[in-house]
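Colleague: Numbering (the working numbering), first residue to last: 291 to 891. Beta carbons: idealized from backbone N, C-alpha and C, even for Gly. A quick note: this is a predicted structure, and the numbers were derived from the prediction, not measured.
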Amino acid sequence: MQGCRERGMVTPPILEKRPIFSSGGYEKFGPSFKTFGPHTKTTTSTVKSSNTSEPQEMSEKVSSVNVNLETFLIVWLDANVNTTKDNEETYNELRSSFNYIKTFDDLSTCQEYIEGVKLEKIVLIVSGGYGKDIVPHIHNLAQVNCIYVYCADKGRHEEWARSYSKVQAVIIKRKKLIENIIEDQRIRNLTEDPVPMSILNQRAVSKEMTAKDISKEMGSILWFQLLVEVLLRMPNDANAKMELLQTWRENYIGNTSELDIIDQFEHQFKQSKAVWWYTRESSLYRILNKALREQSIDIIFAFRYFLTKLSKQVSKLYDNYMDNFKSDNIEDNGKRIIHVYRGQAITKEELAQMRASIDGFISINSFFSTSRSKTKARRFAKRSPVTEQLDRVLFRIKIDVCLPTKPFADIEGISSHPDEREILFMLGSIFRINDITYDENDALWILNLNLCSEDDFELKELFAYLKKDIGEETSMVTLGNILVQMGEYDKAERIFLRINHHEGLIAVEEHKGNFYLAMKNYKCAVGHYEQALNLRCKFFPTYHPDIGKSYGEIAMAFEFWKQYPKAIDYYQRTIEHYRFTLVDNHPLIIQAKNSLQKLQR
């Protein structure tokens with residue numbers, strides 16, 4: 291560990307933060323309150339979903355229980371939403387496709403909630419009267435995916451609804467509403483659930499970038515590759531399965547269709563059926579995709595049992611495929627090259643980043659399902675919406691089966707959709723971006739990618755550079771340390787808490803202190819340095835040198851804060867503590883004395 295930092299030498303860490311969890315719980319808002327779903331209670335003041343770049347304070351930690359584990363949720367606004375039997379039955383039927391449903395009978399409260407959602411996509415059901423008032427205000431929000439107007443007078447409300455492209459339908463029959471939403475959602479889950487990805491442009495693999503720049507660009511890709519390694523090495527026993535089942539059940543209380551599926555998983559799951567379970571229409575793949583996209587450490591580790599089983603089955607299928615391939619004519623280019631496709635909606639921002647990254651790389655941070663059928667994939671792409679935020683794309687991926695690549699599996703025949711001709715890529719597969727073109731006829735972008743070889747020189751060189759400081763051993767401690775270096779303190783803290791790693795937790799608190807010191811938020815800096823001191827006093831011997839280091843960090847923060855009497859007090863404590871373990875002319879003692887003398891002049 292480093293000694294006390296010199297004044298003015300604190301450097302802010304990389305600022306690329308995502309919250310671990312969005313706010314959760316099933317809620318109904320307005321004068322009339324009735325709960326049909328999980329028995330959790332929250333208030334409007336606690337319902338928020340933010341994308342802050344600052345580390346979370348200890349008091350802001352959110353439990354993993356009763357959070358929205360999926361990307362899509364329903365917001366239902368109707369003056370009578372909580373009072374009729376029909377609405378209760380509609381709610382229960384919709385929960386087969388949406389676990390997370392929020393109902394409101396007050397327009398302003400509903401609008402406030404919608405505006406606060408940042409990470410999820412909203413499917414809005416709204417009565418005709420409320421719809422005419424609220425839709426103009428929320429229609430263009432990125433988080434509003436689509437709108438269904440549920441009313442008694444179709445002709446009257448179709449008139450104003452025609453002006454808003456996100457209005458999918460104006461419906462008067464309950465059965466029709468349910469059928470439309472469930473069928474539309476099945477397509478949305480396939481084409482609009484964002485693909486978890488990291489994009490690395492060509493400059494990052496050129497000689498132009500400094501080591502520091504490379505670390506920034508590659509950090510998210512490297513940590514995810516390490517995460518996959520850690521997951522595959524962890525014990526995958528009955529305890530891991532029970533943790534998965536407990537987390538899954540706790541978040542689907544009252545959802546009878548999903549609870550039935552969870553019961554089936556508990557009693558029927560085996561590794562040879564992992565692909566079938568992943569492709570089955572259920573919450574499982576939706577949970578995994580969101581957790582991997584948002585890098586939700588707690589959920590990823592809670593579901594590690596299934597992730598590991600699926601990874602092992604994909605690897606086994608890949609090995610079998612390669613054994614069969616080698617028995618054929620390896621020089622036959624017709625067999626050597628495979629093309630697969632995927633139709634998808636992606637954000638305009640992601641598309642722009644890819645177009646600026648030709649010859650760069652994309653890391654897909656989840657399992658990635660594709661089809662041998664270009665026609666089917668193109669059909670899916672054309673069913674995706676084009677909005678102010680989204681564009682249609684068709685991934686066209688070239689696989690050279692003679693190259694050593696991440697595993698992929700032909701899952702035709704073992705998928706729950708055997709007619710889809712699916713190829714499933716392993717978690718963390720990396721692709722090179724060859725070119726991107728626009729198809730005028732189908733109004734979609736064609737993304738031409740190559741599955742990267744594990745021996746790709748540029749990638750291999752970068753990974754070797756970034757891993758040189760962590761050695762060959764890959765563990766949760768390694769992963770936590772990488773996250774600390776990236777400035778992802780909350781993710782690192784989640785890991786260190788899981789393994790009760792005291793030094794890691796201390797490092798997190800120190801780095802948070804450094805962060806706030808660099809931001810000139812001295813009160814928070816002192817708070818985190820004090821947390822590090824408390825941990826050291828709890829776990830280290832009484833006169834351990836690092837306790838003196840904590841005193842010095844607190845003194846430095848008070849000095850920056852111009853709280854000079856407190857700074858003097860803590861510098862004196864630093865010197866007094868160091869004298870029990872260090873010689874009088876030790877650099878740390880000299881440094882503390884110099885700082886103290888400057889303040890006493």
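Give the secondary structure of residue 736 by DSSP, where H, G and I count as helix, E and B as strand, and everything else as coil.
Modeller: Stepping through the sequence shown from its first residue, residue 736 is reached at position 446. If DSSP states are grouped into helix, strand and coil, residue 736 belongs with the strands.
Colleague: When we look at the beta-carbon of residue 639 and count the other beta-carbons within 10 Å, is it buried (16 or more) or exposed?
Modeller: Here residue 639 is taken as the residue at index 349 of the sequence shown, counted from 1. Exposed, since its Cβ has fewer than 16 Cβ neighbours within 10 Å.
Colleague: What does a CB cutoff of less than 8 angstroms around residue 520 pick up in its chain, not counting 5 residues either side in sequence?
Modeller: Residue 520 sits at position 230 when you count from the first residue of the sequence shown. These residues qualify, in order along the chain: 764, 765, 766, 768 and 769.
Colleague: Using the C-alpha atoms, what's the distance from residue 702 back to residue 663?
Modeller: Taking the first residue of the sequence shown as 1, we reach residue 663 at position 373. Taking the first residue of the sequence shown as 1, we reach residue 702 at position 412. Roughly 12 angstroms between the two C-alpha positions.
Colleague: Using three-state DSSP, classify residue 394 as helix, strand or coil.
Modeller: Numbered from 1 along the sequence shown, position 104 holds the residue referred to as residue 394. Of the three classes helix, strand and coil, the one that applies to residue 394 here is strand, per DSSP.
Colleague: Give the DSSP-derived three-state secondary structure of residue 703 in the structure shown.
Modeller: Walking along the sequence shown from the start, residue 703 turns up at place 413. Coil.
Colleague: Could you tell me the alpha carbon to alpha carbon distance between residue 425 and residue 395, rounded to whole angstroms?
Modeller: Position 135 of the sequence shown, counted from the first residue, corresponds to residue 425. Position 105 of the sequence shown, counted from the first residue, corresponds to residue 395. Distance between the alpha carbons of residue 425 and residue 395 is about 15 angstroms.
Colleague: Quick one: grab the DSSP three-state call for residue 409.
Modeller: To locate residue 409, count along the sequence shown from 1; it is residue 119. Coil at residue 409, not helix or strand.
Colleague: When you compare only the Cα positions, how much space is there between residue 462 and residue 541?
Modeller: On the sequence shown, residue 462 is found 172 positions in, with the first residue counted as 1. On the sequence shown, residue 541 is found 251 positions in, with the first residue counted as 1. If you take the alpha carbons of residue 462 and residue 541, they lie about 32 angstroms apart.
Colleague: Considering Cα atoms alone, identify which of 698, 862, 457 and 748 is closest to residue 609.
Modeller: Counting from 1 along the sequence shown, the entry for residue 609 is found at position 319. Checked all of 698, 862, 457 and 748; the closest Cα to residue 609 is 698.
Colleague: Relative to the C-alpha of residue 653, which candidate in 707, 743, 564 and 735 has its C-alpha closest?
Modeller: The residue you call residue 653 lines up with position 363 of the sequence shown. Per the Cα distances, 743.
Colleague: Return the residue from the list 776, 852 and 786 that minimises the CA-CA distance to residue 807.
Modeller: If you number the sequence shown from 1, residue 807 lands on position 517. Nearest of 776, 852 and 786 to residue 807, Cα basis: 852.
Colleague: Could you tell me which residues DSSP puts in a beta bridge with residue 634?
Modeller: What you label residue 634 is simply residue 344 of the sequence shown in a count that begins at 1. Bridge partners of residue 634: 683.
Colleague: Indicate the three-state DSSP secondary structure (helix, strand or coil) for residue 787 in the structure shown.
Modeller: Translated into the one-based positions of the sequence shown, residue 787 becomes position 497. Three-state DSSP puts residue 787 in a helix.
Colleague: With distance defined between alpha-carbon atoms, name the residue in 568, 708, 373 and 688 nearest to residue 656.
Modeller: The residue given as residue 656 occupies position 366 in the sequence shown. Answer by Cα proximity: 568.
Colleague: Given residue 427, which residues of its chain have a CB within under 7 angstroms of its CB, disregarding the five upstream and five downstream residues?
Modeller: Position 137 of the sequence shown, counted from the first residue, corresponds to residue 427. The residues are 401.
Colleague: What residue range is occupied by the uninterrupted beta strand (DSSP E) comprising residue 725?
Modeller: Here residue 725 corresponds to residue number 435 of the sequence shown, with the count starting at 1. Here the beta strand (DSSP E) through residue 725 covers 719–729.
Colleague: What would DSSP say about residue 670, mapped onto helix, strand or coil?
Modeller: Position 380 of the sequence shown holds residue 670. Here residue 670 sits in helix by DSSP.
Colleague: Of all the alpha helix (DSSP H) runs that stay within the bounds of the stretch 516–588, which reach a length of 4 or more residues?
Modeller: The stretch 516–588 contains these whole alpha helix (DSSP H) runs: 528–540, 546–558, 564–569 and 573–584.
Colleague: Report the rounded CA-to-CA distance for residue 359 versus residue 810, giving the unit in angstroms.
Modeller: Residue numbering aside, residue 359 sits at position 69 when the sequence shown is read from its first letter. Residue numbering aside, residue 810 sits at position 520 when the sequence shown is read from its first letter. For residue 359 and residue 810, the distance between alpha carbons rounds to 35 angstroms.
Colleague: Count the CB pairs spanning the stretch 631–646 and the stretch 680–699 that are closer than 8 angstroms, and state whether there are at least three.
Modeller: With the cut-off at 8 angstroms, the stretch 631–646 and the stretch 680–699 touch.
Colleague: Report yes if the C-beta distance between residue 594 and residue 532 is below 8 angstroms; otherwise report no.
Modeller: Residue 594 sits at position 304 when you count from the first residue of the sequence shown. Residue 532 sits at position 242 when you count from the first residue of the sequence shown. Not in contact: residue 594 and residue 532 (Cβ atoms no closer than 8 angstroms).
Colleague: Can you give me the Cβ contacts of residue 605 inside the same chain, cut-off strictly under 6 angstroms, excluding the 5 residues immediately before and after it?
Modeller: Position 315 of the sequence shown, counted from the start, is the residue given in the question as residue 605. Here the set comprises 697.
Colleague: Would you be able to state if there are at least three C-beta pairs under 8 angstroms between the stretch 450–465 and the stretch 475–489?
Modeller: No, the stretch 475–489 does not touch the stretch 450–465.
Colleague: What's the C-alpha gap between residue 517 and residue 734?
Modeller: Within the sequence shown, the letter at position 227 stands for residue 517. Within the sequence shown, the letter at position 444 stands for residue 734. Taking the straight line from one Cα to the other gives about 34 angstroms.
Colleague: Could you work out which residue in 388, 612, 421 and 433 is closest to residue 408 when comparing CA atoms only?
Modeller: Residue mapping note: residue 408 aligns to position 118 of the sequence shown, counting from 1. Nearest C-alpha to residue 408: 433.
Colleague: What number of angstroms, rounded off, separates the C-alpha of residue 465 from the C-alpha of residue 577?
Modeller: Position 175 of the sequence shown, counted from the start, is the residue given in the question as residue 465. Position 287 of the sequence shown, counted from the start, is the residue given in the question as residue 577. C-alpha separation (whole angstroms): 27 angstroms.
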